[in-house]
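S.K.:
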Amino acid sequence: MYQIEQCKTIFNLLTSKVNFEQVNNKLSEFNRITDDPDFYNSDNSHQIMKEQATLRNQIEFINNVKLQIEDNKELLAMADQNDVSLIHDLFQSSSQLLSELEEKEFEAIMNDPLDSHDCIMEFHPGAGGIESMDWAEMLLNMYTKWAMNNNMKLIVQEKQDGKVGLKSATIIIEGRHAFGWLKHEKGTHRLVRLSPFGKNEARQTSFVSIDVLPVVDDIKININPKDLVIETCRSQGAGGQSVNKTDSAVKITHVPTGITAQSQDQRSQQQNKAAAMKVIKARLHNMELENRKMQDKKNKEALGQATFSTQIRSYVLQPYKLIKDNRTGMECDQVNDFLQGGDMMNDFFKALLKKSYIDSN
1 MYQIEQCKTI
11 FNLLTSKVNF
21 EQVNNKLSEF
31 NRITDDPDFY
41 NSDNSHQIMK
51 EQATLRNQIE
61 FINNVKLQIE
71 DNKELLAMAD
81 QNDVSLIHDL
91 FQSSSQLLSE
101 LEEKEFEAIM
111 NDPLDSHDCI
121 MEFHPGAGGI
131 ESMDWAEMLL
141 NMYTKWAMNN
151 NMKLIVQEKQ
161 DGKVGLKSAT
171 IIIEGRHAFG
181 WLKHEKGTHR
191 LVRLSPFGKN
201 EARQTSFVSI
211 DVLPVVDDIK
221 ININPKDLVI
231 ETCRSQGAGG
241 QSVNKTDSAV
251 KITHVPTGIT
261 AQSQDQRSQQ
271 QNKAAAMKVI
281 KARLHNMELE
291 NRKMQDKKNK
301 EALGQATFST
311 QIRSYVLQPY
321 KLIKDNRTGM
331 ECDQVNDFLQ
341 GGDMMNDFFK
351 ALLKKSYIDS
361 N
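The sequence shown begins at 1 in the UniProt record's numbering and counts up by one.
Shown next as structure tokens:
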């Protein structure tokens, strides 16, 4: 039965990083401390009791789930195909357990404090002219449909149209764990297809670099106003033509770092300024995090914006259909579903999150 096997798979993932001997020893130590008559007079009694309850609940949950999975497997082995009532009860029990485990799995793989934040995505076509710009627009449409399918809100903050497709774009996706879902999309996305623009329909490879940042409104970023250069201009559409008569578009440059951000799609100059500052803060915060990572790991390689050497996924449309993630090795031939923001995207995202969870220390 599918539900039982899925329960077992998720259970193995959740327990793969649990040192049962260490957890039991720690719980025994807490029990010894709380049995002391003078324990409740200590200053840290509340914190110890809280940690004790957490460990106890963790052990009880693991033991109960393990027992339920084993019981369901035994019942399935003994069940007669004609015993409709037993099969139905087994299905109900396994489905309920699977639902509980999927929620626990979600909590485990979305364990970074930034995972719950909204998300900024930036699209940068690579070399290849209209081919890459067209691919950038295809990717923007893909994430737009994914956001819609997953009840998230998408805001186009900045978009520069080319003759075909996009020269660049910045979007914000708001919703439950938006950054957690999308953080692994940072990198280079490679498209292979027969060119729709050439006369000979030659095979063409195109690249788009995507950067992904968390929205950090609730994190303190100290920015000296004197370090900012704020410019205003008229919003522009395709071909560089102005689309309004007021200087509502805003470009902000953080002089010490050279970081820039611009916004032109909001209704007023003030709204565009606030939107651009949101990106400046996110980029400065991301830069600080990456500097810390480089220092901690003594990594001399740049960890900034995604580069074309960081290919994360290939999308082949012709001569055959295949999407392959270079990090997990996961493949699928449901290219249309993927590019329409369908369920297959979530399957790829979950595989990446699980891999990250298992690989983390």
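All C-beta atoms, glycine included, are put in the ideal place defined by N, C-alpha and C.
Here the structure is a predicted model, which means the values were calculated and not measured.
Rounded to whole angstroms, what is the Cα-Cα separation between residue 255 and residue 228?
M.R.: Those two C-alpha atoms are separated by around 6 Å.
S.K.: Check residue 90 in the structure and name its three-state DSSP category.
M.R.: Residue 90: helix per DSSP, three-state reduction.
S.K.: Run the CB neighbour count on residue 190, radius 10 Å, all protein chains shown included, and call it buried at 16 or more, exposed below.
M.R.: Buried, because 16 or more other Cβ atoms sit within 10 Å of the Cβ of residue 190.
S.K.: Pick from 25, 216, 223, 252: whose alpha carbon is nearest that of residue 232?
M.R.: Nearest of 25, 216, 223, 252 to residue 232, Cα basis: 252.
S.K.: Does the beta-carbon of residue 46 have 16 or more other beta-carbons within 10 angstroms, so that it is buried, or is it exposed?
M.R.: It counts as exposed.
S.K.: Where do the ends of the beta strand (DSSP E) carrying residue 123 lie?
M.R.: Run containing residue 123: 119 to 125, per the beta strand (DSSP E) assignment.
S.K.: Sorted by chain position, which residues of the same chain lie with C-beta nearer than 6 Å to residue 358's C-beta, five sequence neighbours on each side aside?
M.R.: Within the same chain, residue 358 has no close Cβ partners at all.
S.K.: For residue 215, name the three-state secondary structure that DSSP assigns.
M.R.: It is coil, neither helix nor strand.
S.K.: By the three-class DSSP mapping on this structure, what secondary structure does residue 197 have?
M.R.: The answer is coil: DSSP assigns residue 197 none of H, G, I, E or B.
S.K.: Is the Cβ-Cβ distance between residue 276 and residue 157 less than 9 Å?
M.R.: Contact flag set, yes.
S.K.: In terms of alpha-carbon separation, which member of 184, 223, 216 lies closest to residue 345?
M.R.: Of the listed residues, the one whose Cα sits closest to residue 345 is 184.
S.K.: Could you give the distance in angstroms between the alpha-carbon of residue 374 and the alpha-carbon of residue 329?
M.R.: One cannot answer for residue 374 here, as it falls past the ends of the chain, which runs 1 to 361.
S.K.: Terminal residues of the continuous beta strand (DSSP E) containing residue 313?
M.R.: 311 to 316 is the span of the beta strand (DSSP E), which, as asked, contains residue 313.
S.K.: Output the boundary residues of the alpha helix (DSSP H) element that contains residue 52.
M.R.: Residue 52 -> alpha helix (DSSP H) spans 45 to 78.
S.K.: Mapping DSSP to helix, strand and coil, what is residue 7?
M.R.: Reduced to three states, the DSSP call for residue 7 is helix.
S.K.: Pick out whichever of 207, 260, 171, 141 has its Cα sitting closest to the Cα of residue 374.
M.R.: This structure cannot speak to residue 374, because the chain is shown only from 1 to 361.
S.K.: Is the beta carbon of residue 208 closer than 9 Å to that of residue 91?
M.R.: Taking 9 Å as the Cβ cut-off, residue 91 and residue 208 do not qualify as a contacting pair.
S.K.: Whole angstroms are fine: how far does the CA of residue 159 sit from the CA of residue 279?
M.R.: So the two alpha carbons sit approximately 14 Å from each other.
S.K.: Given that a residue counts as buried once 16 or more other Cβ atoms are within 10 Å of its Cβ, and exposed if not, what is residue 163?
M.R.: Exposed, because fewer than 16 other Cβ atoms sit within 10 Å of the Cβ of residue 163.
S.K.: If you draw a straight line from the C-alpha of residue 30 to the C-alpha of residue 42, how long is it?
M.R.: Their backbone Cα atoms lie some 14 Å apart in a straight line.
S.K.: What's the C-alpha gap between residue 265 and residue 167?
M.R.: Rounded to whole angstroms, residue 265 to residue 167 spans 16 Å at the Cα level.
S.K.: Thinking C-alpha only, which one of 58, 40, 94, 63 is nearest residue 363?
M.R.: In the structure as shown, the chain begins at 1 and stops at 361. Residue 363 is therefore absent and cannot be evaluated.
S.K.: On a CA-only basis, which of 187, 37, 289, 38 is nearest residue 121? Give me that one, please.
M.R.: Out of 187, 37, 289, 38, 187 has the C-alpha closest to the C-alpha of residue 121.
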